[in-house]
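Novice: Sharing a structure, written as structure tokens. Questions coming.
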Amino acid sequence: MKPNFFRRHFCLMAIGLLLLPSLVLSDENVNPDILTAAMSRLNNASMLDRSAAIEQLAAVQEPKAIVILQALLDGHLFNLKAENKLVIATEIEAGYTLSDAKNGQYLGTVTQDTVQKITLNNALRVALRKKIGRLELNASEAKVRINAVQAIAKDIDPESLVLLRTQLGMEKDGSVQDEIKLVLGLEQINSNDKSQRLAALDLLKDHASPAVVNRLNALQEKDATGQFVETDADVRNSAKTALININSKLRVYAAIETLFFGLSLGAVLVLAAIGLAITFGVMGVINMAHGELMMLGAYTTYVMQQLLPDYLGWALILSIPAAFMISALVGIAIERGIIRFLYGRPLETLLATFGVSLVLQQAVRSIFSPLNRSVASPEWMSGAWKINDFLSLTWNRFYILVFCLLVFALLLQILKRTRLGLEVRAVAQNRNMAKAMGIPTARVDALTFGLGSGIAGVAGVALSQITNVGPNLGQAYIVDSFMVVVFGGVGNLWGTLLAGFSLGIANKLLEPVAGAVLAKILVLVFIILFIQKRPRGLFPQKGRAVEG
Amino acid sequence: MNKMTITFRNTLVAVSMAALTCFSGSVYAEDTIKVGVLHSLSGTMAISETTLKDTMLMLIDEQNKKGGLLGKKLEAVVVDPASNWPLFAEKARELLTKDKVAAIFGCWTSVSRKSVLPVIEELNGLLFYPVQYEGEESSKNVFYTGAAPNQQAIPAVDYLMNDLKTKRWVLAGTDYVYPRTTNKILEAYLLSKGVAKKDIMINYTPFGHSDWQSIVADIKKFGSAGKKTAVVSTINGDANIPFYKELGNQGVSAEQIPVIAFSVGEEELSGMDTKPLVGHLAAWNYFMSVDSTKNAAFIKQWQEYIKNPKRVTNDPMEAHYIGFNMWVKAVEKAGSTDPEKVQAAIIGVEFPNLTGGTAKMLPNHHISKPVLIGEIQDNGQFLTVWQTNKVVDGDAWSDFLPESKPIIADWTAPISCGNYNTKTKKCAGQNYK
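Chains A and B, in that order, are what the protein sequence lines are. Positions 0 to 547 (numbering that gives the first Met the number 0) are the ones given, in order, by the first sequence. Positions 0 to 432 (numbering that gives the first Met the number 0) are the ones given, in order, by the second sequence.
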């Protein structure tokens, strides 16, 4: 009877249902006294008491206990102040919906100030994870059991080892068995029996993890008297070969990692610069307010999230068109209001747009306050894609890389295939001739500037996911943006793409060697030297357009 | 300004005619005591300093409600140095010569303080500096109400070493004077505690650094060597959010590698998505979450003054609260706002701090403070996990740097020096050169 409940319970928990009133209630083996005692202790303010209560709850060996412990770890366990009773709460817009932690009874919704969270510190979190891991070893899903083994392995003690050994005897699932064997293997290296040690090495050498590498390294060390810690030469050599193998793999992973870091930094640079590649590159306008247009995009994301607090993902996706529109409109306003009077006078344009950038910054400061605004990342943008123990790629960077390429492709298509694109290119190549052919150059100027500004807004949405959303957001990127455009060759989108990526990778290659500060300086020096040699950048524009 | 004039008129009526006839000349200047507020209201530092300007206005307002000081009303003179370091010096000069303020409350970054220093010493003004800083300084004219390294950094490292059993250390900071000096002190301290050089990793990043991928990957690698690792972060302001985000995304949790920060407070957390930060640590001398009647009253007063029930309080605000009240007490004790007299009177002045102890102005112009270490909670507040059982005296010159070990600051007779070498018995002026 009981194991069955256990299984069903975990199955459901795995798919995210924490609250299971009826099922848990009908369990006959409830030990109400210990449970109540532990729970009232949990409610106590002192961390020492909470720690003892967790021990007690874990010892109860009840599915209900796990629900409470899991809720505690996830931050869902609250104290209902009026009744001094533990409740499990789920956040909703106006407050919380509550259910009784003891029997799962639905208790309705309350406002925020009627409940108080049961807080945890790091030590308790570690203890909780381990306890839950131990209890979950009995779970019906292999995946949950694997996670449980991994949770236990993080902080191994003799008691857990015994538990794992028994579990190995009962375990039917191959992958869980392997996982347990690995953990035990790390212990087995300490065995007195040489054949046992060699067997353990044999097992571990194909399962590289930081723990394994540390253990293997330890086998090579000498003690204070100059003697090897590991007395047996066979074991030592076997460990050495395994290490050499693992290290060569690690070098490949490290190279892939650096490449990814470089590409993702490059993607951010390209996103920031690509709008500028249009306004500065194609139109020749030095727009110092470009960074502030990105900032507007980031603030649009913030406002969107305020409007749709329960749908972070959708808010982010909807922010893309919204940010494009807002930044584009502001861009067009700047062009119509100021820049069009200053065409052909680059210095005055520079000063005027710099003024605009200060105005926009202070406007945001007055409207939203000088403090940074908090923009949350949706679930699918947090965390990392874990390929193995040594290589994982973070999702937010990955999406931004993809997003950057999409924006680039789209922009390229617009310039190549649409009527607007044709007119933009015509005006950029020869304004007077285009005018003679009946192209309304003033309108094209405004639209081109709007397009570049809109793209800046879209870049701001991406930036809101990796950096601060505050009035100074734009300043941090304006220099880099100009650098990328100039390096890539003014007026060439492909140049901007290539320049962004190569600068990103160069930066990431230099950073571990030279440090972040020096790496930045070196890249800057390199660009200056490069521009001396090739003043028109990587991909100079050719033909008559250059003279224009 | 209009409002000020009206208050002044009211005061005029209130003050007796006898007093008026005494001051035949400029009545306006004589009848109020001016207090300078030198905090950036625009530019990069506005994010932190605007709050302190509001705090000062609130404190002055409250003092005036209590009847002012020495029978006169206090008048705030607010200037905006716009996060521009040379402008700080210019504005300080303006406050002292044109407005003739009795004291200045201001500055945030060490650069701005260093920029104001020569002006304030030349014109013999008073500056109350409310932010934790790197030490190695004690000026006759400056009162340091924020933490010195021994009131923040050293206890934090002790906590990591003794309570969390940390064996490997990452000292990560933004590349400027405060992190550089603090890390120098911390490295010397760690080495003196027997930590091997290879177990210390030091890393500096530019201001506003936003791409932390490789650094976090390095920290992760450094921390996977089988020994408990912790990060001591002197990373400044804006660079923190991308840093913590990257830590979260790369799966570095506070349980594995805790980060203890010296510049992340409630105010900074209110602009962050706190999810990836839960469990990470900060060391301060004040937390908004500390449960005491004084603190509750202060929070209530602040939220009412600023008309926003969600605004948070933080450590530098408490420093201004203590500093301002100490100045008030000293002026009352001296019976005058004359800088020389206030300087003499303020040493030894005590004032209760918000967390339940008593702060005292020491002869080295620093104050005694409790040290609290807190874990970040998902509501943007700190849960105190450790605190000193009594207040710690601020030490101007670190004992862990060989060059500053023999140096002390003592502004009482017979030493009266901010940089006194106890070995050579010589005073090397006010500042460390």
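From the three backbone atoms N, C-alpha and C, an ideal C-beta is built for every residue, glycine too.
Taking the Cβ atom as the reference point for each residue, do B/F206 and B/D237 lie within a distance shorter than 9 Å?
Specialist: Within the second sequence, numbered from 1, the residue matching residue 206 of chain B stands at position 207. Within the second sequence, numbered from 1, the residue matching residue 237 of chain B stands at position 238. Cβ distance < 9 Å, so B/F206 and B/D237 count as in contact.
Novice: What's the C-alpha gap between B/M316 and A/P534?
Specialist: In the second sequence, residue 316 of chain B corresponds to position 317, counting from 1. In the first sequence, residue 534 of chain A corresponds to position 535, counting from 1. Rounded to whole angstroms, B/M316 to A/P534 spans 52 Å at the Cα level.
Novice: Please report how far the alpha carbon of A/A199 lies from the alpha carbon of B/K220, in whole angstroms.
Specialist: Within the first sequence, the letter at position 200 stands for residue 199 of chain A. Within the second sequence, the letter at position 221 stands for residue 220 of chain B. Rounded to the nearest angstrom, the two C-alpha atoms are 24 Å apart.
Novice: Between A/G114 and chain B, is any beta-carbon pair separated by less than 9 Å?
Specialist: On the first sequence, position 115 is the one that residue 114 of chain A refers to. Residue identity check: residue 114 of chain A is Val in the sequence provided, not Gly. With 9 Å as the cut-off, A/V114 does not count as an interface residue toward chain B.
Novice: Does A/F260 get closer than 9 Å to chain B when you measure Cβ to Cβ?
Specialist: Residue mapping note: residue 260 of chain A aligns to position 261 of the first sequence, counting from 1. Closer than 9 Å: yes.
Novice: So for B/E303, helix, strand or coil by DSSP?
Specialist: As a first step, residue 303 of chain B is located in the second sequence; it is residue number 304 there, counting from the start. B/E303: helix per DSSP, three-state reduction.
Novice: Chain B beta carbons: is any one of them nearer than 9 Å to that of A/P308?
Specialist: For the purposes of this step, residue 308 of chain A is identified with residue 309 of the first sequence, where counting begins at 1. No, its Cβ sits nowhere closer than 9 Å to a Cβ of chain B.
Novice: Any beta-carbon of chain B closer than 9 Å to the one on A/L24?
Specialist: Residue 24 of chain A sits at position 25 when you count from the first residue of the first sequence. In this predicted model, A/L24 has a pLDDT of only 41, less than 50, meaning its place in the structure is not dependable; the value taken from the coordinates is given anyway. Not closer than 9 Å to any Cβ of chain B, the Cβ of A/L24 fails to qualify, so no.
Novice: Are three or more beta carbon pairs between the stretch 325-337 of chain A and the stretch 449-457 of chain A nearer than 8 Å?
Specialist: yes
Novice: Terminal residues of the continuous alpha helix (DSSP H) containing A/Q177?
Specialist: In the first sequence, residue 177 of chain A corresponds to position 178, counting from 1. Note on residue identity: the sequence assigns Asp, not Gln, to residue 177 of chain A. Where A/D177 is concerned, the enclosing alpha helix (DSSP H) starts and stops at G173 to Q187.
Novice: Taking Cβ to Cβ, would you say B/G250 is nearer than 9 Å to A/S391?
Specialist: Position 251 of the second sequence, counted from the first residue, corresponds to residue 250 of chain B. Position 392 of the first sequence, counted from the first residue, corresponds to residue 391 of chain A. The answer is yes: Cβ separation under 9 Å.
Novice: For A/R7, which of helix, strand or coil comes out of DSSP?
Specialist: Within the first sequence, numbered from 1, the residue matching residue 7 of chain A stands at position 8. Legend: pLDDT at A/R7 = 48, less than 50; position of this residue unreliable, value from coordinates given subsequently. It is helical.
Novice: How would you label B/C21, buried or exposed, when you count the other beta carbons within 10 angstroms and need 16 or more for buried?
Specialist: To locate residue 21 of chain B, count along the second sequence from 1; it is residue 22. For B/C21, the predicted structure reports a pLDDT of 42, less than 50, and the residue's modelled location is therefore unreliable. A value from the coordinates is still provided. With fewer than 16 Cβ atoms within 10 Å of its Cβ, B/C21 is classed as exposed.
Novice: For A/K101, is the classification buried or exposed, using 16 other Cβ atoms within 10 angstroms of its Cβ as the cut-off for buried?
Specialist: Counting from one through the first sequence, the residue named residue 101 of chain A turns up at place 102. Burial call: buried.
Novice: If the cut is a Cβ gap below 8 Å, which residues of chain A does B/H208 touch?
Specialist: Looking up residue 208 of chain B in the second sequence gives position 209. A515, listed in chain order.
Novice: Since B/T49 contacts A/P369 with CB under 8 Å, what's their CB separation in whole angstroms?
Specialist: Position 50 of the second sequence, counting from 1, holds the residue named residue 49 of chain B. Position 370 of the first sequence, counting from 1, holds the residue named residue 369 of chain A. About 5 Å; that satisfies the 8 Å criterion.
Novice: Is the Cβ of A/K507 closer than 9 Å to any Cβ of chain B?
Specialist: Along the first sequence, read from residue 1 onward, the residue named residue 507 of chain A stands at position 508. Judged by the 9 Å Cβ criterion, A/K507 is in contact with chain B.
Novice: Give the residues of chain A in contact with B/I214, contact being defined as C-beta atoms less than 8 Å apart.
Specialist: Within the second sequence, the letter at position 215 stands for residue 214 of chain B. Going along chain A in sequence order, the residues near B/I214 (Cβ under 8 Å) are E510 and A515.
Novice: In whole angstroms, give me the CA-to-CA distance for B/C426 and A/T495.
Specialist: Walking along the second sequence from the start, residue 426 of chain B turns up at place 427. Walking along the first sequence from the start, residue 495 of chain A turns up at place 496. Computed Cα separation, rounded: 59 Å.
Novice: Using the DSSP secondary-structure output, state which residues sit across from A/S391 in a beta bridge.
Specialist: On the first sequence, position 392 is the one that residue 391 of chain A refers to. As DSSP reads the structure, A/S391 sits in a beta bridge with A/K385.
Novice: Could you give the C-beta distance for A/F397 and A/Y252, rounded to a whole number, given that I count them as a contact under 8 Å?
Specialist: Numbered from its first residue, the first sequence carries residue 397 of chain A at position 398. Numbered from its first residue, the first sequence carries residue 252 of chain A at position 253. Incorrect: roughly 16 Å between the Cβ atoms, too far for contact.
Novice: Going by beta carbon distance, what residues of the same chain come within less than 7 Å of B/E51, once the five residues before and after it are set aside?
Specialist: Stepping through the second sequence from its first residue, residue 51 of chain B is reached at position 52. Going by the sequence as given, residue 51 of chain B is Leu instead of Glu. Hits under 7 Å: H38, P129, P315, M316 and H319.
Novice: Does the beta-carbon distance from B/I375 to B/Y143 come in below 9 Å?
Specialist: Counted from its first residue, the second sequence places residue 375 of chain B at position 376. Counted from its first residue, the second sequence places residue 143 of chain B at position 144. In this structure, B/Y143 does not lie closer than 9 Å to B/I375 by Cβ.
Novice: Kindly list the residues whose CB is nearer than 8 Å to the CB of B/E186, restricted to its own chain and excluding five residues on each side of it in sequence; keep chain order.
Specialist: Walking along the second sequence from the start, residue 186 of chain B turns up at place 187. Closer than 8 Å at Cβ, skipping near neighbours: L170, I199 and I201.
Novice: Is B/A101 helix, strand or coil by DSSP?
Specialist: Sequence index remark: in the second sequence, residue 101 of chain B carries index 102 (1-based). Coil, per DSSP.
Novice: Is it right to say A/V483 is buried, meaning 16 or more other beta carbons lie within 10 angstroms of its own, or is it exposed?
Specialist: Looking up residue 483 of chain A in the first sequence gives position 484. By the neighbour-count rule (16 or more Cβ atoms within 10 Å), A/V483 is buried.
Novice: Counting only Cβ pairs nearer than 8 Å, list the residues of chain A close to B/P178.
Specialist: Indexing the second sequence from 1 puts residue 178 of chain B at position 179. Those do not exist, as B/P178 stays about 12 Å from chain A at its closest Cβ, beyond 8 Å.
Novice: Taking Cβ positions, are A/I277 and A/T447 nearer each other than 9 Å?
Specialist: As a working note, residue 277 of chain A is residue 278 in the first sequence. As a working note, residue 447 of chain A is residue 448 in the first sequence. A contact, by the Cβ cut-off of 9 Å.
Novice: Taking all protein chains shown into account, decide if B/S397 is buried (16 or more other Cβ within 10 angstroms of its Cβ) or exposed.
Specialist: On the second sequence, residue 397 of chain B is found 398 positions in, with the first residue counted as 1. Flag for B/S397 reads buried.
Novice: How about B/T10: is its C-beta nearer than 9 Å to some C-beta of chain A?
Specialist: Numbered from its first residue, the second sequence carries residue 10 of chain B at position 11. Because the pLDDT of B/T10 is 45, which lies under 50, any placement of that residue in the model is unreliable, and the number read from its coordinates should be weighed accordingly. With 9 Å as the cut-off, B/T10 does not count as an interface residue toward chain A.
Novice: Taking only runs that begin and end inside the stretch 380-432 of chain B, name each unbroken beta strand (DSSP E) of 3 or more residues, in chain order.
Specialist: 381-386, 406-409 and 416-420
Novice: Quick one: give me the first and last residue of the alpha helix (DSSP H) that A/A217 is part of.
Specialist: Here residue 217 of chain A is taken as the residue at index 218 of the first sequence, counted from 1. That run of the alpha helix (DSSP H) goes P209 to L218.
Novice: So, A/F500 versus A/G261, is the Cβ gap smaller than 9 Å?
Specialist: Working through the first sequence from its first residue, we reach residue 500 of chain A at position 501. Working through the first sequence from its first residue, we reach residue 261 of chain A at position 262. A/G261 sits close to A/F500, with the two beta carbons spaced by under 9 Å.
Novice: Considering only the alpha carbon of each residue, which of A/D73, A/G330 and A/D156 lies closest to A/G456?
Specialist: Counted from its first residue, the first sequence places residue 456 of chain A at position 457. Comparing Cα-Cα distances from A/G456 to each of A/D73, A/G330 and A/D156, the minimum goes to A/G330.
Novice: Does any residue of chain A have a CB that is nearer than 9 Å to the CB of B/N506?
Specialist: With chain B covering 0 to 432 only, the question about residue 506 of chain B has no answer from this structure.
Novice: In this structure, does DSSP put A/V114 in helix, strand or coil?
Specialist: By one-based count along the first sequence, residue 114 of chain A stands at place 115. DSSP places A/V114 in the strand class (E or B) of the three-state scheme.
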